[in-house]
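**Q** Taking this note's numbering, I'd label the letters of the sequence shown as residues 22 to 365. From the three backbone atoms N, C-alpha and C, an ideal C-beta is built for every residue, glycine too. Dropping a structure here in structure tokens format, bear with me for questions.
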Amino acid sequence: MREELMQIKDKALAGMAGADNMRALDDLRVSIFGKKGELTQILRGMGALSAEERPVMGQIANEVREELETALEARKNTLHKAEMAQAMASEHIDVTLPGRATSIGTKHPMTMIIEELCNIFMGMGYEIATGPDIETDYHNFQALNIPAHHPARDEQDTFYVEDGHVLRTQTSPVQIRKMEEGKLPIAIVAPGKVFRSDDIDATHSPVFHQMEGLVVDKGIHMGHLKGALTVFAQTLFGEDVKTRFRPHHFAFTEPSAEMDISCFGCGGDATRIKGCRLCKGEGWIELLGCGMVHPNVLRNCGIDPDEYSGFAFGMGLERIAMQRYNIDDMRLLFDNDIRFLKQF
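Encoded structure:
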């Protein structure tokens with residue numbers, strides 16, 4: 022055993038002298054002192070020695086271990102100093118160089134639009150409401166007066182997931198959940214992402230943003246709807262903006278309408294209207310859909326339509342951002358091109 026200990030010591034000392042980096046030295050340490058290291062195996066075999074040999078061999082083994090540990094620590098310090106010296110030589114800082122400016126980000130245009138619209142409606146007394154992106158079929162369709170056979174449930178238009186859930190196709194389910202709480206009156210807006218199976222092009226995306234609003238109280242009528250949305254449009258686009266409401270159809274409102282605003286490019290001026298690229302010569306720009314909440318929707322949420330009424334509206338926020346910032350391709354809002362985003 023004495024010869025084995027001496028061989029281990031000589032081999033280890035030679036290995037330490039030849040180790041030229043910390044990793045090689047650590048590998049050597051493990052091969053000597055690790056659980057399966059050579060010296061560890063020798064020490065574990067001490068129990069097989071006779072009572073007379075054990076103290077003699079134990080003293081020699083301890084001396085060898087202490088000598089190797091001392092040599093290992095010394096070599097580690099030497100290598101550490103060498104590495105530090107090399108780092109100091111290669112990584113020095115030239116304090117005479119000019120400073121590097123830190124690039125500071127800005128708010129995304131969609132974030133700015135959402136915040137601006139929320140502030141407008143909060144100023145009108147509305148609360149901000151949110152809901153899950155993955156919705157039940159009931160909240161996304163059935164409660165909104167959209168039965169199983171309705172074309173809005175076409176698998177080509179909706180992302181269906183397991184267990185009868187869908188990626189919400191509008192933020193209307195937030196309105197349903199709010200009405201189900203039974204706390205009346207209600208005045209909310211619900212901004213958020215929605216998902217539809219659309220191809221990506223200049224005006225479509227499978228993921229986009231909507232903001233929908235809901236007011237439910239006693240005595241609510243179409244005049245309240247038109248007044249609230251006119252105030253909203255004039256606050257957002259300017260006091261000179263005019264609004265018009267065209268008859269339309271939505272399953273969850275009756276009557277339903279599309280609201281247009283006068284083109285802020287040509288102002289609806291007949292002398293300029295033909296050359297306006299914003300409204301394409303029509304003088305009006307479609308902004309949102311709206312209507313009085315369908316009685317069936319109120320009943321589905323446990324609200325008596327004979328006692329309460331309400332109005333709802335919804336708008337695509339990308340469309341507003343594109344109009345507000347004169348953007349002609351929706352993909353610019355999602356491509357994360359820093360050259361585009363720096364403009365905001």
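On the DSSP letters alone, give me the boundaries of the beta strand (DSSP E) that T157 sits inside.
**A** T157 -> beta strand (DSSP E) spans I155 to T157.
**Q** Return the Cβ separation of H230 and E339 in integer angstroms, given the expectation that the two are a contact with Cβ distance under 8 Å.
**A** Contact holds; Cβ gap of about 6 Å.
**Q** Look at the alpha carbon of N166 and the alpha carbon of V210, and state the distance between them as a whole number of angstroms.
**A** Taking the straight line from one Cα to the other gives about 20 Å.
**Q** Is the distance from the Cβ of F266 to the Cβ of A278 below 7 Å?
**A** In contact: F266 and A278 (Cβ atoms closer than 7 Å).
**Q** Under three-state DSSP, which class holds S218?
**A** Reduced to three states, the DSSP call for S218 is coil.
**Q** Buried or exposed: where does D261 fall if 16 or more other Cβ atoms within 10 Å of its Cβ makes it buried?
**A** Classification of D261: exposed, given that the 10 Å Cβ count is below 16.
**Q** Which same chain residues end up closer than 8 Å to V182 when comparing Cβ atoms and leaving out the 5 residues on each side of it in sequence?
**A** Excluding positions up to five away in sequence, the list reads I155 and L188.
**Q** Going by beta-carbon coordinates alone, are S226 and M133 separated by less than 7 Å?
**A** No, the Cβ-Cβ distance between S226 and M133 is not below 7 Å.
**Q** Buried or exposed for N357, please, with buried defined as at least 16 other CB atoms from any protein chain shown within 10 angstroms of its CB.
**A** The residue is exposed, with fewer than 16 neighbouring Cβ atoms inside 10 Å.
**Q** Can you confirm whether the stretch 55 to 69 touches the stretch 92 to 104 when touching is taken to mean that 3 or more C-beta pairs between the two stretches lie within less than 8 Å?
**A** Output reads no: the stretch 55 to 69 does not touch the stretch 92 to 104.
**Q** Looking at I114: is its Cβ nearer than 7 Å to the Cβ of H160?
**A** Cβ distance not < 7 Å, so I114 and H160 don't count as in contact.
**Q** By Cβ distance below 7 Å, which residues in the same chain neighbour Q191 in space, the five residues on each side in sequence not counted?
**A** The residues are V215, Q231, E233 and G335.
**Q** Within the stretch 209 to 264, note down every full alpha helix (DSSP H) run reaching 4 residues or more, in order along the chain.
**A** Within the stretch 209 to 264, the complete alpha helix (DSSP H) runs of at least 4 residues are 243 to 258.
**Q** Would you report the Cα separation of R217 and D175, rounded to the nearest angstrom?
**A** Looking at the two C-alpha atoms, the distance is approximately 11 Å.
**Q** Nearest by alpha-carbon distance to E201: which of V318, D47 and F355 is it?
**A** It is V318 whose Cα lies nearest to the Cα of E201.
**Q** By DSSP, does H269 sit in helix, in strand, or in coil?
**A** In this structure, H269 counts as strand in the three-state DSSP scheme.
**Q** Output the distance between the C-alpha atoms of I359 and D48, rounded to the nearest integer angstrom.
**A** Going from the Cα of I359 to the Cα of D48 covers about 47 Å.
**Q** By the DSSP assignment, the alpha helix (DSSP H) with V116 in it spans what residues?
**A** First-last for V116: undefined, no H or E at that position.
**Q** Please confirm whether A333 and T264 have their CB atoms less than 7 Å apart.
**A** No; because the gap between Cβ atoms is not below 7 Å, this pair is not in contact.
**Q** Could you give the first and the last residue of the continuous beta strand (DSSP E) run that contains G36?
**A** Run containing G36: none in the beta strand (DSSP E); it sits in the alpha helix (DSSP H), R23 to G39.
**Q** For H315, count the other beta carbons within 10 Å of its own beta carbon; 16 or more makes it buried, fewer makes it exposed. Which is it?
**A** Buried is the call here.
**Q** Please tell me whether G312 and F253 are closer than 7 Å, where the distance is taken between their beta carbons.
**A** Their beta carbons are not under 7 Å apart, which means G312 does not touch F253 by this criterion.
**Q** Is the beta carbon of I306 sitting closer than 7 Å to the one on C287?
**A** No, these two residues do not count as a Cβ contact at 7 Å.
**Q** Cβ of A33 within 7 Å of Cβ of L70?
**A** No, Cβ-Cβ distance for A33 and L70 is not below 7 Å.
**Q** Let me know the alpha helix (DSSP H) ranges lying completely inside the stretch 39 to 101, each 4 residues or longer, listed in chain order.
**A** Runs of the alpha helix (DSSP H) inside the stretch 39 to 101: 43 to 54 and 59 to 65.
**Q** Just verifying my parser: in three-state terms, what is the DSSP assignment at P276?
**A** Looking at P276 - three-state DSSP - the assignment turns out to be strand.
**Q** Taking 7 Å as the threshold (C-beta atoms), are V228 and I207 in contact?
**A** Not closer than 7 Å, so no.
**Q** Looking at M37 and R86, is the spacing between their C-beta atoms short of 7 Å?
**A** Taking 7 Å as the Cβ cut-off, R86 and M37 do not qualify as a contacting pair.
**Q** Starting from F142, trace the alpha helix (DSSP H) both ways and give me its first and last residue.
**A** Where F142 is concerned, the enclosing alpha helix (DSSP H) stretches over P130 to G144.
**Q** Please identify the residue among P168, T151, F361 and A169 whose C-alpha is closest to the C-alpha of K199.
**A** For the residues P168, T151, F361 and A169, the minimum Cα distance to K199 belongs to T151.
**Q** Would a C-beta distance cut-off of 7 Å place T127 and F355 closer than the cut-off?
**A** No, the pair does not count as a contact, with Cβ atoms beyond the cut-off.
**Q** If you draw a straight line from the C-alpha of I29 to the C-alpha of L60, how long is it?
**A** Roughly 7 Å separates the two Cα atoms.
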